[in-house]
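**Q**
Residue numbers (the working numbering): 1358 to 1578.
1) Compute the beta-carbon to beta-carbon distance between residue 1495 and residue 1417, rounded to the nearest angstrom, for a pair I have assumed lies under 8 Å.
2) Determine the direct distance from the alpha carbon of residue 1389 to that of residue 1429, and round the result to whole angstroms.
3) Applying the 10 Å Cβ sphere with the 16-neighbour rule, what's the burial state of residue 1432?
4) Measuring CB atoms only, is the stretch 1545-1555 touching the stretch 1495-1505, in the sense that at least three cross pairs come out at less than 8 Å?
5) For residue 1436, count neighbouring C-beta atoms within 10 Å of its own C-beta (all shown protein chains included) and say buried if the count is 16 or more, exposed if not.
6) Could you confirm whether any beta carbon from chain C is found closer than 8 Å to the beta carbon of residue 1465?
7) By the DSSP assignment, the beta strand (DSSP E) with residue 1416 in it spans what residues?
8) Contact between the stretch 1524-1544 and the stretch 1480-1487: three or more CB pairs below 8 Å?
9) Nearest CA to the CA of residue 1439: which residue from 1513, 1554, 1367?
10) Does DSSP classify residue 1515 as helix, strand or coil?
Set out below in structure tokens:
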């Protein structure tokens, strides 16, 4: 008999970038409103599950939520999983709230996940074309705080920002990598799932480590 390794269950917890806006959402009611444009490939989790073996990725994203609102759903979203990817903060920026408050909520989520014995990974904040240049300084500052959390709490940070930033137009996503200036396109989500994502280490199980073929990561790893 072949002894198959168990799937590693990973939940992605975040806002509309995790949900897959504008062409996907884990909520059936939202998908019904999207209508004929619906495309399940419009989520980085779809691409990550295909690039990395042995993973079951669950989408627990909610459009429009600030970091503290995402935090309130953590306990329910991580039930029965081995690891969590925490993403959020852009809606705090969009609403003009202090990025330090968003970072504090992200840190609490990291500590909660670690305390539950989960593998925990953070994602930094994407460039925001429609918010440029006004939101640029806040996004840069929040990403500095996100990477500091990663160092101080000993968890990896997925380079979402660098993966979609246009090198010729810093602070913005390349045009073909964004659908609406707020969210990635299907191609943008593909890049996040295949290039930026790495399975969380630690937790209750150890995920497969085979590197997907193709392009190099934007951080050179």
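Idealized CB from N, CA, C, for every residue including glycine.
Quick caveat, the model's predicted, so the values are computed rather than measured.
**A** The answer reads as follows:
1) With 8 Å as the limit, residue 1495 and residue 1417 do not qualify as a contact, their Cβ atoms being about 25 Å apart.
2) 25 Å
3) exposed
4) no
5) exposed
6) Absent from the structure is chain C; it holds one protein chain and no more.
7) 1412-1418
8) yes
9) 1367
10) strand
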